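Mind the numbering: the sequence shown is residues 6 to 146 in my numbering, read in order. Heads up, the thing below is written out as structure tokens.
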Amino acid sequence: MTTWNEDLETGHPSIDEEHRELIRQLESLKVAVDAGADREHVTDLIVILQRYAHGHFSREEAHMARVKCPAHHANCMAHKEFSERLDGWLELLTRSGTPRSLVLDVQSESMDWIRRHITKIDCQLRHCAPVAPEPAGEPAM
Ligand SMILES: [Fe+2]
6 MTTWNEDLET GHPSIDEEHR ELIRQLESLK VAVDAGADRE HVTDLIVILQ RYAHGHFSRE
66 EAHMARVKCP AHHANCMAHK EFSERLDGWL ELLTRSGTPR SLVLDVQSES MDWIRRHITK
126 IDCQLRHCAP VAPEPAGEPA M
């Protein structure tokens, strides 16, 4: 099962690889739930996803700022909103005993969000040079 396609490619290799990893983790979560994984395993996968998403968002925001992507601000706002939803879902899952139906809702909403987000916002990176030169430092004194 793969849901990756070229519509999701930003043209920035490290960002694309991290997006593939996010999608792989979401696919693994679905596979685990379908295979009857226990609550502890499912929670672990969601925590790993949450940590990876937070790290990815920070790296992508720094990259967009560096290449002066016009979508930088919209990207930061969207990441903040999704991070808050993910935190809320994790809390709800923990409180409610991680029922299978709720995990599948979270998985499916997250997959929809990430694909929409990559297509609409992250793919604006296509208009930015993949590797911008580092700004010149101050001359040594
Ligand atoms: Fe993004």
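Heads up, the beta-carbon is just placed ideally off N, CA and C, and yes, glycines get one too. Every value quoted in this text rests on a predicted model; they were computed, and no experiment measured them.
Item: Buried or exposed, going by whether 16 or more other CB atoms sit within 10 Å of the CB of residue 28?; Value: buried
Item: Alpha carbon to alpha carbon, how far is residue 107 from residue 31?; Value: 14 Å
Item: Could you check if residue 10 is buried or exposed, using at least 16 other CB atoms within 10 Å of its CB as the buried criterion?; Value: exposed
Item: When you compare each of 131, 124, 119, 132 to residue 12 by their alpha carbons, which one comes out closest?; Value: 124
Item: Nearest-angstrom Cα distance between residue 34 and residue 26?; Value: 12 Å
Item: So is the beta-carbon of residue 23 under 6 Å away from any non-hydrogen atom of ligand 1?; Value: no
Item: Can you tell me whether residue 126 is helix, strand or coil according to DSSP?; Value: coil
Item: With three or more beta-carbon pairs closer than 8 Å as the criterion, would you say the segment 100-117 touches the segment 35-46?; Value: yes
Item: For residue 129, which residues from the same chain have a beta carbon less than 7 Å from its beta carbon, with the 5 sequence-adjacent residues on both sides left out?; Value: 74, 75, 76
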